[in-house]
Amino acid sequence: MSKIAKANYKFEKVIKSKEELLEMYKDNPCKIYFIEKNVDRETSVYENDKFYDMCLGPHINSTGQAKAFKLLKTSSVYFLNDSSNASLQRIYGISFPSKDLLKAYLDKVEKAKEMDHRKVGKEMDLFFFHKYSAGSCFWLPDGAHIYNKLIEFLRGEYRKRGFSEVITPNIFSVDLWKESGHYQNYKDHMYMIEKEDFGLKPMNCPGHCLMFRSTERSFKDLPIRFADFGVIHRNEISGALSGLTRVRTIPAG
């Protein structure tokens, strides 16, 4: 990297035809995929010494402007986030025109880590996560208080702007998403049942049990009372449904 920076190679924008790109990257299936998908007739390629890469740009003028740099981390990722595709390695790096600017940036990053909401949330007992509902947050009492204050603020702002609050179901037939066009665009990111069995919650209390046992407790903490307006779901038989007295989904207080 230091040699490349000292060489002060220029970044030159070059226009290449689709055919030229396909030949240039014939041994790179990932590039071929994006060329076939995104390039109609031609696109821009940036040249740096003997290195070419597709990019809209612009870039810095030359490698000499990257006097201070740091490789931050590496990670593994599947091409297009699909586990059936090849596994790739990502390399994260950053550069600045001076060491002082790089140091100032790295200092800010370290300070930001101290204020990371995941760290603060754990230290202040605001929320936690559990393997039984991976990716879903359990709001502890103090966290729920902040959450509700934010909702209260938003409700006030909505009222000022003429919004009317409504409540809609959490689950729909895919027919709706197909009709609206969302299915085609978001189906790969929509929550569908996978190989494991999942269940929409019929009661809130099992989640409260996970919340209770998320930390050590003393008899001095008792009684502990949780209130939860989370939506519960029960697959009642269609003949038993009756207005609001017998439904399949309802907020449970």
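Just add 2 to wherever you are in the sequence shown, counting from 1, and you've got the working numbering.
Glycine included, every Cβ here is placed at the ideal spot set by N, Cα and C.
My output table needs one value for residue i: the three-state DSSP class, helix, strand or coil.
| i | result |
| --- | --- |
| His-2 | Summary: the structure shown does not reach residue 2, with the chain confined to residues 3 through 255, and so no result is reported for it. |
| Tyr-185 | helix |
| Asn-63 | coil |
| Ala-68 | coil |
| Ile-17 | strand |
| Ile-93 | strand |
| Ser-4 | helix |
| Val-249 | coil |
| Phe-221 | helix |
| Lys-28 | coil |
| Val-168 | coil |
| Leu-202 | coil |
| Ser-135 | helix |
| Ser-86 | coil |
Take residue i and list the residues in its own chain whose beta-carbon comes closer than 8 angstroms to its own, dropping the five residues that flank it on each side.
| i | result |
| --- | --- |
| Leu-104 | Ala-70, Phe-71, Lys-72, Ile-96, Ser-97, Phe-98 |
| Phe-129 | Gly-123, Cys-139, Phe-140, Trp-141, Leu-142, Gly-145 |
What span of residues does the alpha helix (DSSP H) with residue i cover, start to end?
| i | result |
| --- | --- |
| Phe-228 | From DSSP, Phe-228 is part of no alpha helix (DSSP H); its letter is neither H nor E. |
| Val-111 | 101-116 |
| Val-122 | 119-125 |
| Met-213 | 207-214 |
Compute the beta-carbon to beta-carbon distance between residue i and residue j, rounded to the nearest angstrom, for a pair I have assumed lies under 8 angstroms.
| i | j | result |
| --- | --- | --- |
| Phe-81 | Leu-74 | At roughly 22 angstroms, the Cβ-Cβ gap does not stay under 8 angstroms, so Phe-81 and Leu-74 are not in contact. |
| Glu-44 | Ser-19 | 5 angstroms |
| Gly-232 | Asn-206 | 5 angstroms |
| Phe-248 | Pro-204 | It should be noted that the sequence gives Arg, not Phe, for residue 248. Actually they are not in contact, since the Cβ atoms of Arg-248 and Pro-204 sit about 14 angstroms apart, beyond 8 angstroms. |
Going by beta carbon distance, what residues of the same chain come within less than 7 angstroms of residue i, once the five residues before and after it are set aside?
| i | result |
| --- | --- |
| Ala-7 | Thr-65, Gly-66, Ala-68, Lys-69 |
Which stretch, first to last residue, makes up the beta strand (DSSP E) that contains residue i?
| i | result |
| --- | --- |
| Asp-55 | 53-56 |
| Asn-150 | Note, Asn-150: premise wrong, no beta strand (DSSP E); alpha helix (DSSP H) at 143-162. |
| Phe-129 | 129-131 |
| Ser-46 | 44-50 |
Spatial neighbours of residue i within its chain, please: C-beta separation below 6 angstroms, excluding the five flanking residues on both sides.
| i | result |
| --- | --- |
| Val-47 | Val-16, Lys-18, Tyr-54, Met-56 |
| Looking at C-beta atoms only, is the number of pairs between the segment 185-193 and the segment 207-224 that lie closer than 8 angstroms three or more? | no
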